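Peer 1:
In the working numbering, the protein residues as written are 29 to 107.
So this is what it looks like as structure tokens:
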């Protein structure tokens, strides 16, 4: 019978490679975040624009009617 299990050394190697890749990725993101610059504005700012709104009438829903009929019968399982 063949042994199809993965050896412990292969599993450890994969774990170590995963941790190293994760650390490199984290370090890269942190280093790149230092280069991010934002624009700040001090003082008062004025912006002008035009906005229009059109209110339309909701469509009328047709009147729907119906009939419900309920017939109660004796419960054959009651005592």
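The beta-carbon is built from N, C-alpha and C at its ideal position, and this holds for glycine as well.
Just so we're clear, the structure is a prediction, and the values are computed from it rather than from any experiment.
Quick check: what's the CA-CA separation for residue 45 versus residue 35?
Peer 2: By 1-based counting over the chain shown, the position of residue 45 is 17. By 1-based counting over the chain shown, the position of residue 35 is 7. Cα-Cα distance, rounded: 16 Å.
Peer 1: Helix, strand or coil for residue 36, going by three-state DSSP, please let me know.
Peer 2: Here residue 36 refers to the residue found at position 8 when the chain shown is read from its first residue. In the structure shown, residue 36 sits in a helix (DSSP, three-state: H, G or I).
Peer 1: Per DSSP, what kind of secondary structure is residue 47 in: helix, strand or coil?
Peer 2: Numbered from 1 along the chain shown, position 19 holds the residue referred to as residue 47. Of the three classes helix, strand and coil, the one that applies to residue 47 here is helix, per DSSP.
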